[in-house]
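Since the structure comes first, as structure tokens, the remarks are kept for the end.
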Amino acid sequence: MTTEIIIAGFGGQGVLSMGKILAYSGLMEDKEITWMPAYGPEQRGGTANVTVIISDDKISSPILNSYDVAIVLNQQSLDKFEPKVKPGGILIYDAYGINTPPTRTDIRLHRIEAMEATFEMGNNKAFNMVVLGAMLKVCPVVTIESVLKGLKKTLPERHHDLIPMNEAALRRGMQLID
Amino acid sequence: MSEEVKLLKGNEAIALAAIRYGCDGYFGYPITPQSEVLETLMEQQPWDTTGMVVLQAESEVAAINMVYAGAACGKVVFTSSSSPGVSLMQEGISYIAAAELPALIVNVQRGGPGLGTIQPSQADYFQATKGGGHGDYHLIVLAPSSVQEMVDFVGLAWDLAFKYRTPAMILADGVIGQMMEKVTLPPQRRRRTMEELIKQCPWAVTGKKGRDKNICTSLELESDKMEIINNRLQSTYRDIARHEKRYEAYNVEGADYLIVAFGSIARICRKSIDIARERGLRIGLIRPITLWPFPSEAVAQAARGTKGVLTVEINAGQMIEDVRQAINDRAMPIEHYGRLGGMVPDPEEVLDALNRLLINPTK
Amino acid sequence: MELNEIIRPENKVYAKPRLMNSNHMHYCPGCSHGVVHKLVAEVLEEMGQEETAIGITPVGCAVFAYNYIDIDWIEAAHGRAPAIASAVKRLQPDKLVFTYQGDGDLAAIGTAETIHAANRGENIAIIFINNAIYGMTGGQMAPTTLLGQKTATTPYGRRVDLNGYPLSIAPILAGLDGTCYVTRQSVHTPAAVRKAKAAIRKAFENSLAGRGCSLVEVVSTCNSGWKLSPAEANRWMIENMFPKYPLGDLKNV
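Residue numbers (the working numbering), protein chains in the order written: chain Y, 1 to 178; chain P, 1001 to 1363; chain G, 2001 to 2253.
Quick look at the structure:
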């Protein structure tokens, strides 16, 4: 079983770190993982994207031209990656800032209001965790427990008090999916 | 520290693997996309644990000369940089080769020429394998295609460098440097004591205690003596070529076509091959692991019986020259596909190229 | 005193330092290098540091210093000696590490390495032979060549509009927080030689003790390059070099 995921949005939205958290969660489940960012100056302000592959087997190419799951957080990323979702694949997009919604009918589309939910939670730093929660509801490639375990392992001890907030954000994200 | 499984970027992996190998010193200058090597080392503060020296030099020129110095002292030392910085280091690399010193240089390539781009490239193949600096010399060039190989090749490069007293290079690229994968780090090795170092490297510049003076130089103004030195170097290179060729073969038995690719792009080609297999097309892959010495025999062997060979490189066609020479058959179609300027081909693109250039070539 | 008496061991008042071997020196008669080499060897011997000393030779006339003084040496690429010394000292902190460089090596092609090694406070000694000309390559302009001074590449004399000003390195290094000792010396009289020797010793002691970077600039003659006799060269140095590069300690902390 191999899941090929692209996460794309603006720099500063937590795209790369969301990918990292997903990758660490895979590590907790002893899966094979690649995390390949589009690196460079686009990390700030411009668009950012990261390809995460989680697999039970050895992974070949870390660079792909089609994806099982696309998570897009702005219009540019939607325009770029909607055509690259495999037929039968999943496209999750945040409603905030999307003027032209996706139109494909051969994939599963999930419109979520993660930005909205984040405002309601009063913590804009939790945005990417809300999105991740939504994704894990649709495509449970790793368990919430593994995500929390991964966070515990990668966050420095002094930041462990942030884990409950992250868990709440994940659960809030899961509720965004009908 | 015992063996450990971690999720690491290639650049971070290089740094941690070096510490665990028992490295004595790193000297480098920041440049994208490999600055995490120096950043990781500084964050780890190995001077407090293993006693390893880490120094941010004032330039790549200073950095490679610090490596030359460390190597002259018999120490396990390295530097890392990316293409423009490695160009600056070429003079120093030539000196290290000429003085017959073991050292490791890591090049996480980006697109050139000139200042170019910060995106991945393999356009330094010629520079790495055909000399780069002045004079008749070679580097042992290892091309990793995974983060695990970034770890493994650090140790392999130093083992070979000390065995043959010659500099070795890890020729990676922005994909391998920036990508995170699961890796197994080896257990921590103790750094050699000064006594062990002197025993292993009696030529090292350590202060002439109980022996005659040691001089580390690449200068010899008398041509007959300089020729002897050159002949010794060439004899070492022949030895290396005889014993140290490395490659990985994938799916080559009964293949209709052969792809030759190294480093990150070999991973991408592997995916192309898997896709092609589902469509009933048999493609083999030879991935040279040592770019110098080039595994010519393996390439020639794998090409035999196929209908054509495609080299896929993130450059304008450099390794293809070695592939042509290895196969040495004018009747065999040998084509190149590559992207430039930091663009990286994806798996479908490789199959399109194979189809266009070899299977259904447009005349 | 008869000859037989003179050569008796107990009457010996001077000897070549043991670290100086009998290899035939390639330096021109009248050149300052020979004197400074002897001082380096003498100081190392007197300090008992023959076994801990590591010298870095430059590209330039002193490239073959390793042929004359029997300690461990590394021959550097042009200008890179301070970078090399930095790494050697950091990797072997118990060693006495020094560079021996000329004005082209130190003040032209290697200015960056010189300034940054000094500024990092590397525990190394830098011996800087400033004779205001490129000796080895045949008498071309150095960064320290004086205004009006004729060289192979300033045949009508150094001009500001063509070549800029002579570069005075010692004050630049004295202004850096990483240096502990910066001095200008010469070796044209016995008294000057004694003072230069004391300066070299201090610089070497600083390296061993880890006090920071030391610079001993030796304002020197190049009578071949200057196209003067050794005696004339000394006079020319006193009259022309000393006003621009005055002798004495610039920094001693």
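Every residue gets a Cβ at the ideal spot worked out from N, C-alpha and C, and that includes glycine.
This one's a predicted model, so the numbers in the text were calculated from it and none came from an experiment.
Any idea if residue i is buried or exposed, counting beta-carbon neighbours within 10 angstroms, 16 or more meaning buried?
i	result
T1306(P)	buried
Q1041(P)	Inspection of the sequence shows that residue 1041(P) is occupied by Leu rather than by Gln. Result: buried.
A1071(P)	buried
T143(Y)	exposed
P1144(P)	buried
M1001(P)	exposed
R2080(G)	buried
H1138(P)	buried
Q1045(P)	exposed
Y93(Y)	buried
P83(Y)	exposed
E157(Y)	exposed
P2166(G)	buried
N65(Y)	exposed
Within 8 Å of any Cβ in chain Y, is that where the Cβ of residue i sits?
i	result
Q1141(P)	It should be noted that the sequence gives Val, not Gln, for residue 1141(P). Not closer than 8 Å to any Cβ of chain Y, the Cβ of V1141(P) fails to qualify, so no.
E1348(P)	yes
L1007(P)	yes
Taking 7 Å as the cut-off, is the CB of residue i close to at least one heavy atom of the ligand SAM?
i	result
K58(Y)	Questions concerning the ligand SAM fall outside what the structure shown contains, since it holds no ligand whatsoever.
Might you give, ordered along the chain, the residues of its own chain that have their beta carbon closer than 8 Å to the beta carbon of residue i, omitting 5 neighbours on each side?
i	result
E42(Y)	Unreliable positioning characterises E42(Y) in this predicted model, as indicated by a pLDDT of 49, which lies under 50. The coordinate reading is nonetheless provided below. Once the five neighbours on either side are set aside, the close Cβ partners of E42(Y) are G11 and A48.
K1009(P)	E1036, V1147, G1177, Q1178, M1179 and M1180
K153(Y)	Y24 and M28
I1096(P)	I1064, V1067, Y1068, A1071, A1103 and P1167
E1342(P)	Checking the sequence shown, residue 1342(P) turns out to be Gly, not Glu. Hits under 8 Å: R1110, G1111, G1116, T1117, I1118, Q1119, P1120, S1121 and G1174.
R2201(G)	V2043, E2046 and M2047
Quick check: residue i and residue j, are their CB atoms within less than 8 Å of each other?
i	j	result
G40(Y)	Q1119(P)	yes
I1259(P)	L1310(P)	yes
D1152(P)	Q1109(P)	no
G26(Y)	I54(Y)	yes
G2225(G)	G2139(G)	yes
I1314(P)	G1280(P)	no
I2255(G)	T2099(G)	This structure cannot speak to residue 2255(G), because chain G is shown only from 2001 to 2253.
A2108(G)	P2082(G)	no
D2103(G)	K1208(P)	no
G2110(G)	R2184(G)	no
T1049(P)	G1022(P)	no
A95(Y)	I71(Y)	no
V1252(P)	K1006(P)	no
G133(Y)	I21(Y)	no
Would you say residue i reaches chain G, if we count a Cβ-Cβ gap shorter than 8 Å as a contact?
i	result
T1362(P)	no
I1268(P)	no
M1367(P)	No statement about residue 1367(P) is possible, as the shown extent of chain P runs from 1001 to 1363 and does not include it.
L1055(P)	yes
Taking 8 Å as the threshold (beta carbon to beta carbon), is residue i in contact with chain P?
i	result
L2091(G)	yes
P156(Y)	no
E42(Y)	Because the pLDDT of E42(Y) is 49, which lies under 50, any placement of that residue in the model is unreliable, and the number read from its coordinates should be weighed accordingly. No - not a single Cβ of chain P is within 8 Å of the one on E42(Y).
W2073(G)	yes
V2088(G)	yes
L132(Y)	no
Y39(Y)	yes
N2011(G)	no
S61(Y)	yes
R2235(G)	no
Only counting the same chain, and skipping five residues up and downstream in sequence, which positions put a Cβ closer than 6 Å to that of residue i?
i	result
T1362(P)	none
T1129(P)	V1141, L1291 and W1292
P101(Y)	none
Ignore the nearest five residues each way along the sequence and tell me which others in residue i's own chain have a CB closer than 7 Å to its CB.
i	result
I1289(P)	L1142, A1143, R1246, Y1247 and E1248
K86(Y)	S66, Y67 and D68
I1268(P)	P1345, D1346, P1347 and V1350
A2132(G)	D2103, A2142, T2144, T2145, L2146, Q2149 and M2241
T203(Y)	Because chain Y here runs from 1 to 178, residue 203(Y) falls outside it and cannot be looked at.
Going along chain A, which residues have a C-beta under 7 Å from residue i?
i	result
T2052(G)	Protein chains in the displayed structure are Y, P and G, and chain A is not among them.
Task: Complete beta strand (DSSP E) runs within the stretch 1327 to 1354 of chain P (minimum length 3 residues, chain order) - done: 1334 to 1338
Open item on the list: Could you tell me which whole alpha helix (DSSP H) segments of length 4 or greater appear in the stretch 2025 to 2053 of chain G?
Closed with: 2033 to 2047
Task: In chain order, each alpha helix (DSSP H) run of at least 4 residues that lies wholly inside the stretch 2150 to 2186 of chain G - done: 2160 to 2163 and 2169 to 2174
Open item on the list: In chain order, what are the residue ranges of uninterrupted alpha helix (DSSP H) at least 4 long that sit wholly in the stretch 1015 to 1052 of chain P?
Closed with: 1036 to 1044 and 1046 to 1049
Open item on the list: Report the start-end ranges of each alpha helix (DSSP H) in the stretch 1190 to 1243 of chain P that is 4 residues or longer and not cut off at the edges.
Closed with: 1194 to 1200 and 1223 to 1243
Open item on the list: Please give me, in chain order, every unbroken run of the beta strand (DSSP E) with length at least 3 that falls completely inside the stretch 1134 to 1161 of chain P.
Closed with: 1140 to 1142
Task: 3 or more residues per run - each beta strand (DSSP E) lying fully within the stretch 2054 to 2083 of chain G - done: 2072 to 2075
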